[in-house]
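Protein chains in written order, with this note's numbering: chain A, 705 to 1138; chain B, -12 to 327. Working notes, structure below.
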Amino acid sequence: MTESTIPTTTLRRVDLSEARLKRRYAAERRFRLYGIAAIVTALGILGLLIGTIVANGYTAFQQTYVAIPVYLDAQAIDPQGSRDAETLRRADYQSLVKQSLRDLFPEVTGRRDKIKLYGLVSNAAGDDVRDQVMDDPSMIGTTQTLWMRSSDDIDSLIKGAIDRRLPEDDRRVKDNEIGWIETLEAQGNVELRFNKAFFTSGDSREPEQAGIWGAAVGSAYTLMITLLLSFPIGVLSAVYLEEFAPKNRLTDLIEVNINNLAAVPSIIFGLLGLAVFLGTFGLPRSAPLVGGMVLALMTLPTIIIAARAALKAVPPSIREAALGIGASPLQVVTHHVLPLALPGVMTGTIIGMAQALGETAPLLMIGMVAFIVDVPGGVTDPATVLPVQIYLWADSPERAFVEKTNGAIMVLLAFLIVMNALAVLLRKRFERQW
Amino acid sequence: MIKNKLAVAAVAGLVLTAPAFAEARDQIRIVGSSTVFPFSTAVAENFGRSTSFKTPVVESTGSGGGMKLFCAGVGTEHPDITNASRRMKKSEFETCTKNGITVTEVKVGFDGIVLANAKSAPQFSLTKKQIFLALAKQVPVDGKLVDNPYSNWSQIDSSLPNEPIEVLGPPPTSGTRDAFVELVMEEAAEEFPEIKSLDKAGFKQVAHAMREDGAFVEAGENDNLIVQKLEANPVALGIFGFSFLDQNADKLHGSIVEGVAPEFEKIASGEYGVSRSLYFYVKQEHVGTIPGIKEFVAEFTSEKAWGEDGYLVEKGLIPLPDADRKAMHDAANGLAPLSM
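In structure tokens form, the structure reads like this:
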């Protein structure tokens, strides 16, 4: 019992030996290397993705044009000789183009061969001729060599997407068509030009006439509605919850639910839109109004969470100082806290909008995944949006839609980069460090 | 209090103005099958271009989804036309009738379903029975139904290559899958006495179940994706619509089924056994209310659209035989009501 209890363990010393130090440095170097490897991999994958899209898509911004001497028969275009704009617009230019093709290749006789011959040019070639005639009506009655759009198959051939050396059965463009186009090429009458229609027209089943303008306008209307609804509601909710609401069970519950809402799959919002906005309120299908309302629901949590974080970052001393010199709580918020938090709020809003811009799933339920040719003129007109346009083109059998799909993806990515860059810029420019 | 009143007024305003949107519609609305979608949209576009009517809005909702929307009722908030890659079912027809809808059925043509593989691999020649043995979850072996034991084509028939079975096909939500199951799997199942002797539910279960052990891969609704995967993987076969084979003739070749190659003329004549009819249905109550429905039907059934040299053929539609086309044209333009 009297035995003393002296500890028998040896004293521990820090091991400062050369070998151990080396191991420590090596571990650190390895860790850095892993980090760099991770970043390089991520960048590589991103580069591969964007590289593939650009490689497949840059040709979408060009379109093959062919020049054909067209006799602009006054009898066919304007028999009365009034040169009235409406008469000129309504004339059948497509048959003039067909006549010119027959004159150019008189050896083509069979019915099927003729159809193939007409297929060299787009069925919008008549529109190209019309535009040129309307610009200069004095051409009527003469023979002019006019440029017009080629069909999508010829376009693919010129761009090299269809290989001329394959056996005839294996390609869509047959030998006689290649013969005709090579004759035109030899005369210097085939040219790649900037594809204006891609940026100015709505959707079309003909790849050479399909454009993204309709979808872009639809996206703009939809985002406008989303912004108008979600920004005021989101900011007001955030201000109330952060600045005025008492901290109790109820507000805790609301907070948990807002955070949950941010993680709800977007298709659920589409179903809600279908049931409530279309079902109960009877709003029109496929309208940007409904699309915007659905996307607003989806963006709200993002904006509320970002806005609350921004409000929280404003130091309490600002509030106390303002209250101290006699400002009312409302004045504290509107004169001091909110202006200081605004850059953060804006950043959150822009990121939320960018998310909404790329969304397709909820729009499926409310009929915005549709073939719509006319460019929408208002928020209740049927419309589609950019990502939906990409989805629809990706699903089309025509090979020429591959480049259109990738071209549209490039445009969408450009929009997203601009929006995110704006968010970064706002933050850098106006955010204050305390 | 004031705030409350404002909120109530706002909601009331929304509800009151809402029906005003729904009433005004001067544009045809079309829903339905994704298979008919490329044809319907092509007609819609030409219709919009060549007439003074607005271009119809076409939604791709799938055949079943389209029927549901179409048969929901009469009124401008409901679609005017639905496309289908199968015939309207009796139950759907009854829903339509119950809701006061008289339908006109228009059969527009055929769509072939093909099995295809990359050009770098040899072309397959299969029978429906062989396809069933390769893809069904349960197959009869020695008089008993067992889980599919075949891993290579050559195990099914020695004439087939000694390659692993790998087939990419559409998921169950797709109309192409329904048609494939009906035209190939069910027909082949009928030929096995072990399956034929089962009761109706049991037969359906065996005939409809596809393998889940990796030999049959559900590759998604996007047929272009299947085409790309086939290119990358020469061992695999893919199941999709004829128009995708037609567009990718440089990369793929279609397998011969029951001795017939999937070619345009063979599908049109009905020789090639895996083809289905495509339809659209018109709501007669809307003719006269929504402008242009009659003219749209006339455009769809015109020779320049669905004829042998029409623009729909260019898009991959396989036209009806001449006589049927004429009869269907008259019935459609006379808006003959459908009865079942």
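Each residue gets a CB set at the ideal place from its N, CA and C atoms; glycine is no exception. This structure is a prediction, so every number in the text was calculated from the model and none was measured.
Alpha-carbon spacing of residue i relative to residue j, whole angstroms
| i | j | result |
| --- | --- | --- |
| serine 842/A | tyrosine 769/A | 23 Å |
| aspartate 859/A | valine 894/A | 10 Å |
| glutamate 177/B | alanine 194/B | 9 Å |
| phenylalanine 155/B | valine 23/B | The question names phenylalanine, but residue 155/B in the sequence shown is leucine. Each residue's Cα considered, the two are about 22 Å apart. |
| alanine -1/B | threonine 984/A | Confidence at alanine -1/B is low in this model, with a pLDDT of 45, below 50, so its placement is unreliable and no value can be given for it. |
| glycine 162/B | asparagine 235/B | 21 Å |
| lysine 291/B | tyrosine 268/B | 21 Å |
| cysteine 83/B | phenylalanine 57/B | 8 Å |
| glycine 52/B | proline 1086/A | 19 Å |
| arginine 717/A | phenylalanine 735/A | 26 Å |
| glycine 823/A | serine 855/A | 6 Å |
| glycine 225/B | isoleucine 118/B | 12 Å |
| threonine 763/A | alanine 206/B | 28 Å |
Outcome for residue i when other beta-carbon atoms lying within 10 angstroms are tallied against a minimum of 16
| i | result |
| --- | --- |
| tyrosine 797/A | buried |
| leucine 750/A | exposed |
| proline 221/B | exposed |
| tyrosine 298/B | buried |
| threonine 1006/A | buried |
| lysine 1108/A | buried |
| proline 136/B | exposed |
| threonine 887/A | exposed |
| asparagine 961/A | exposed |
| methionine 838/A | exposed |
| isoleucine 740/A | exposed |
| glutamine 891/A | exposed |
| alanine 7/B | A caution first: alanine 7/B carries a pLDDT of 42, below 50, which makes its placement in the model unreliable, though a value can still be read off. Classification for alanine 7/B: exposed. |
Short Cβ contact (7 Å threshold) for residue i with residue j
| i | j | result |
| --- | --- | --- |
| aspartate 98/B | histidine 273/B | no |
| phenylalanine 111/B | serine 230/B | no |
| valine 968/A | valine 1079/A | no |
| threonine 1084/A | alanine 991/A | yes |
| isoleucine 1022/A | histidine 1039/A | no |
| leucine 978/A | isoleucine 1070/A | yes |
| arginine 875/A | aspartate 317/B | no |
| serine 1058/A | methionine 1123/A | For the record, residue 1058/A in the displayed sequence is alanine; it is not serine. Cβ distance < 7 Å, so alanine 1058/A and methionine 1123/A count as in contact. |
| valine 943/A | valine 1073/A | no |
| leucine 896/A | glutamine 779/A | no |
| valine 833/A | leucine 850/A | yes |
| phenylalanine 935/A | proline 1047/A | no |
| leucine 217/B | alanine 105/B | yes |
| threonine 1003/A | alanine 1127/A | no |
| glutamate 245/B | glycine 260/B | yes |
| alanine 771/A | valine 801/A | no |
| glutamate 286/B | phenylalanine 34/B | yes |
| alanine 59/B | histidine 65/B | yes |
| lysine 116/B | arginine 198/B | no |
Reduced DSSP secondary structure (H/G/I, E/B, other) of residue i
| i | result |
| --- | --- |
| threonine 791/A | helix |
| serine 231/B | It is worth fixing the name first, because residue 231/B is phenylalanine in this sequence and not serine. Three-state result, phenylalanine 231/B: helix. |
| histidine 240/B | strand |
| threonine 89/B | coil |
| tyrosine 259/B | coil |
| lysine 41/B | coil |
| phenylalanine 111/B | coil |
| leucine 132/B | strand |
| lysine 270/B | strand |
| aspartate 832/A | helix |
| lysine 94/B | strand |
| proline 158/B | coil |
| leucine 307/B | coil |
| leucine 1129/A | helix |
Between the region 1070 to 1081 of chain A and chain B, which residues of the former have a C-beta closer than 7 Å to a C-beta of the latter? Gly1071, Val1073, Ala1074, Phe1075, Ile1076, Val1077 and Asp1078
Taking only beta carbons into account, state which residues of the region 869 to 883 of chain A come closer than 8 Å to chain B, listed in chain order. Leu870, Asp873, Asp874, Arg875 and Arg876
Beta carbons nearer than 7 Å to chain A: which residues of the region 29 to 44 of chain B have them? Ala29, Ala31, Glu32, Gly35, Lys41, Thr42 and Val44
To be precise: take each residue of the region 231 to 245 of chain B, compare its Cβ to all Cβ atoms of chain A, and keep it if any distance is under 8 Å. Which residues remain? Phe231, Asp233, Gln234, Asn235, Ala236 and Asp237
Got a sec: which bits of the region 153 to 179 of chain B sit with their beta carbon under 9 Å from any beta carbon on chain A, in order along the chain? none
Taking only beta carbons into account, state which residues of the region 741 to 769 of chain A come closer than 9 Å to chain B, listed in chain order. none
Output needed in chain order: residues of the region 983 to 999 of chain A with a Cβ under 9 Å from some Cβ in chain B. Thr984, Phe985, Gly986, Leu987, Pro988, Arg989, Ser990, Ala991 and Leu993
If contact means a Cβ-Cβ distance below 9 Å, which residues of the region 301 to 312 of chain B contact chain A? Glu301, Lys302 and Gly303
Taking only beta carbons into account, state which residues of the region 199 to 226 of chain B come closer than 8 Å to chain A, listed in chain order. Glu208, Asn209, Asp210 and Asn211
Along the region 1086 to 1099 of chain A, what residues have a CB closer than 7 Å to any CB found in chain B? Pro1086, Ala1098 and Asp1099
Output, in sequence order along the chain, the residues in the region 895 to 925 of chain A whose CB is closer than 7 Å to any CB in chain B. Ser908 and Arg909
Chain B contacts from the region 803 to 822 of chain A (Cβ-Cβ distance under 9 Å): Arg815, Arg816 and Ile819
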